[in-house]
């Protein structure tokens with residue numbers, strides 16, 4: 003198994019990380035078993051976020067000695083988590099909560115989550131200065147950032163302020179997105195690849211792994227919810243998947259078929275003249291299957307999804323999409339799937 007050093011952090015881990023968003027859907031006992039099996043199978047990089055409901059708590063109980071059995075491998079793993087706080091006080095509060103739930107005295111990589119701007123010293127927000135303060139205190143070891151907008155990702159890398167960047171990275175990524183790997187290497191920034199399965203659109207783990215293995219500075223974080231999913235990734239410790247002509251053909255075919263179906267939730271299409279929450283509604287089918295479904299089936303989200311009926315097909319969203327998606331068609335497709343899930347015609351379990 004290839005190891006990767008994340009830029010200037012010095013953090014070196016197997017190129018096979020654990021994304022802990024989907025374990026929200028598991029109960030505590032199942033989560034603990036999955037997380038421990040991940041570590042025992044060779045994974046040492048675990049990524050979570052304050053926004054992922056009880057994900058942090060599950061990591062804390064599974065890996066940081068919070069259970070009665072005292073299982074504690076904290077000094078043998080690296081934990082990355084995130085804050086969506088919009089003020090320094092909110093960031094500090096998030097961190098204290100994360101430290102408590104993770105049962106640890108430090109976070110290895112603390113990331114601004116899904117930013118709308120690249121925070122910098124002297125920009126008037128105090129946000130980057132807050133991160134510097136937290137790093138100086140020892141509560142966080144490294145400063146990272148996550149983004150869904152390519153220009154923000156590029157800006158963050160070039161700024162020289164961030165030690166890691168987390169960005170969607172899969173074999174259906176655009177050429178510009180894939181080029182982030184080279185940009186990160188040039189600026190010595192570690193690249194954490196999220197959505198390696200394109201939010202559930204990619205189903206061939208071998209192809210997904212083989213693609214990422216071509217980049218020696220990317221640590222992918224695979225979203226894991228079930229033990230059988232985890233075992234697929236752990237198998238690559240024994241027999242890493244490598245690029246072959248067969249896999250190249252599969253990737254080429256998937257890019258043609260899936261390239262117009264993956265909403266990255268970047269928000270370029272917003273706002274919608276009809277008030278449709280496009281960045282969520284256009285990927286609802288994926289969210290139902292990769293995040294806690296009860297949250298997306300609430301009365302509030304039923305009302306939001308119903309707004310897609312008001313789509314006039316004006317094309318404003320389509321013209322602004324940097325990925326060339328047929329957004330109105332994607333909204334319609336997701337709404338039909340959503341109604342089928344509500345009616346029990348389609349299961350998301």
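In the numbering used here, the protein residues as written are 3 to 351. For glycine and all other residues, C-beta sits at the position ideal for the given N, C-alpha and C.
Roughly how far, in whole angstroms, is the beta-carbon of residue 168 from the beta-carbon of residue 146, given that I think they are within contact range, below 8 Å? 7 Å
With DSSP run on the structure shown, which of helix, strand or coil describes residue 289? helix
What does DSSP give as the partner residue(s) for residue 82 in the beta ladder? 49, 111
Residue 327 - DSSP class collapsed to helix/strand/coil: coil
Just checking, does the segment 182–199 make contact with the segment 231–242 on the three C-beta pairs under 8 Å criterion? no
Using DSSP with H/G/I as helix, E/B as strand and the rest coil, what is residue 337? helix
With C-beta atoms as the reference, is residue 85 less than 7 Å away from residue 115? yes
Where does residue 180 sit, in a helix, a strand or coil, going by DSSP? helix
So, for residue 132: in the same chain, excluding its five sequence neighbours on each side, which residues have a beta-carbon less than 6 Å away from its beta-carbon? 90, 93
In the structure shown, what three-state DSSP assignment does residue 32 receive? helix
Starting from the C-beta of residue 283, find all residues in its chain whose C-beta is less than 8 Å away, skip the five residues before and the five after it, and write them out in chain order. 306, 307, 309, 310, 333, 336, 337
Name, in chain order, the residues that DSSP records as bridge partners for residue 168. 148, 194
On the three-pair Cβ rule with 8 Å, is the segment 126–144 touching the segment 178–185? no
Look up residue 16 in the DSSP assignment and say whether it is helix, strand or coil. strand
Compare the beta carbon distance of residue 87 and residue 77 with 7 Å and say whether it is the shorter of the two. no
Please say whether residue 22 and residue 38 have beta carbons closer to each other than 7 Å? no
Could you compute how far the alpha carbon of residue 327 sits from the alpha carbon of residue 264? 8 Å
Under 7 Å between C-beta atoms of residue 238 and residue 173: no
Quick check on residue 14: buried or exposed, where buried means 16 or more other Cβ atoms within 10 Å of its Cβ? exposed
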